[in-house]
Amino acid sequence: MSHKSVHQKWRLELFVKDRADAASCRQFLQENGIKRVNIPNKHKGEDLVGICQALQPNVDVCLHWSCKHQHQHRSMDKSMKHMVQTMQILHQQASAHSLLLVSGGGKRLKQFEACQVLDQLHPKEPTYGRLPLQLPIHCAFNPYLEGEAAAEERQRLQKKLQAGVAGVYLQIGTDTVKLAEGLDFLRNCTKGADQLQLHGSVLLPTRKLLAQMTFRPWSGVVLSKKFFTSVETANSLIAQVMRTYARYGVVPVIESPVSNSSELRRVHDLLDLYDHACGQH
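Following our numbering, the numbering of the sequence shown begins with 49 at its first residue and continues without gaps.
Set out below in structure tokens:
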């Protein structure tokens with residue numbers, strides 16, 4: 049079977065504040081043939097529907113849905129109704145094509161968090177990728193945790209898979225041994241099930257990024273000390289992650305800003321590395 053180049057599958061996370069910001073990004077996307085993007089949900093009250101609309105036509109949008117930021121009036125019922133109504137609007141307008149459900153940073157809410165939301169949407173006879181909604185729902189998984197945190201994360205992943213998610217997004221990290229172990233665990237959990245879509249986060253290291261993450265680490269992100277020693281070392285670690293993604297068929301999601309030809313060139317260099325690694329397996 050011929051291998052489809054990852055250049056035709058990769059995704060870009062967009063950092064946009066509102067509809068106008070999204071509209072201004074659209075030309076760059078069109079000019080550079082970028083057709084698959086992710087929209088994070090960083091704050092309460094964001095015009096997510098408007099942002100998705102402004103990116104159309106012809107863009108495959110995965111909208112992130114943060115339970116933390118979308119909790120409506122401390123009510124599970126109102127929060128679920130708001131979520132389902134939003135998904136229906138996005139589907140009807142063809143302005144988003146999938147949804148990534150995340151609990152959000154910080155302490156999880158007791159009711160409105162990813163596993164609880166999926167329980168509310170749980171079909172009577174769950175099958176993988178068969179949630180009864182018009183947009184496919186994806187979930188997040190962090191394979192880089194240790195000890196009790198790792199065990200809890202795997203338990204939560206199993207619940208999400210049993211609820212019928214269509215795919216899994218992997219957290220950023222650098223430990224390729226843990227990454228491979230997590231992906232093997234994921235494979236074992238889904239034997240005999242429909243093929244899940246797998247995506248994995250990727251950073252484009254810069255001095256600015258390393259400085260920012262040194263002083264303000266991202267919640268839940270586990271990076272080795274080596275990552276922060278130099279941009280060159282960080283790039284080498286990211287390359288190892290890309291090779292592991294290639295081995296397991298994980299589609300990369302670029303989570304760093306890409307707004308000019310130089311940054312886009314770095315992306316394509318990583319995608320070339322991925323394709324080369326695929327040719328070796």
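Glycine included, every Cβ here is placed at the ideal spot set by N, Cα and C.
Simplified DSSP assignment, three categories, for Asn283: Taken through DSSP and simplified to helix, strand or coil, Asn283 comes out as helix.
Classification of Gln245 by the beta-carbon crowding that lies within 10 angstroms, buried from 16 upward: Result: buried.
Buried versus exposed call for His112 [16 or more other C-beta atoms within 10 Å across all chains shown]: His112 is classed as buried because its beta carbon has at least 16 other beta carbons within 10 Å across all chains shown.
Bridge-paired residues (DSSP) for Asp108: In the DSSP secondary-structure assignment, Asp108 is bridged to Arg84.
At least 3 beta-carbon pairs within less than 8 Å: the stretch 216-224 vs the stretch 179-198: They touch, by the three-pair rule.
Local Cβ density within 10 Å of Tyr176, reported as buried at 16 or more and exposed below that: Confidence at Tyr176 is low in this model, with a pLDDT of 42, below 50, so the placement of that residue should be treated as unreliable; the coordinate-derived value is given next. With 16 or more other Cβ atoms inside 10 Å of its own Cβ, Tyr176 counts as buried.
Whole-angstrom distance between Leu257 and Ser307, CA atom to CA atom: Here the alpha carbons of Leu257 and Ser307 stand approximately 16 Å from one another.
Secondary structure of Ile137, DSSP reduced to three states: Collapsing the DSSP output to three states places Ile137 in a helix.
For Cys110 and Arg59, believed in contact at Cβ under 8 Å, the rounded distance: 7 Å between Cβ atoms; contact.
Met128 - DSSP class collapsed to helix/strand/coil: DSSP places Met128 in helix when its eight states are reduced to three.
Expected contact under 8 Å - CB spacing of Arg255 and Val279 to nearest Å: About 6 Å; that satisfies the 8 Å criterion.
Burial state of Pro88 (16 or more Cβ within 10 Å): That one is buried.
For Leu148, the three-state DSSP class (helix, strand or coil): DSSP places Leu148 in strand when its eight states are reduced to three.
Collapsed DSSP secondary structure at Gln101 in the structure displayed: Gln101: helix per DSSP, three-state reduction.
Opening and closing residue of the alpha helix (DSSP H) in which Ser309 lies: From DSSP, the alpha helix (DSSP H) with Ser309 extends over Ser309 to Cys326.
Own chain residues within Cβ distance below 7 Å of Glu303, not counting five before or after: Only Glu61, Ile220, Ser249, Val250 and Leu251 meet the Cβ criterion.
Inter-residue Cα distance where the pair is Met131 and Asp317: When rounded, the distance between both Cα atoms is 38 Å.
7 Å CB neighbourhood of Met49 in its chain, flanking five on each side removed: At Met49, the pLDDT of 34 sits below 50, so the modelled position is not reliable and the matter cannot be decided from this model.
From Val85, Cys100 and Ala287, residue whose alpha carbon lies closest to that of Gln140: Here the closest residue by C-alpha is Cys100.
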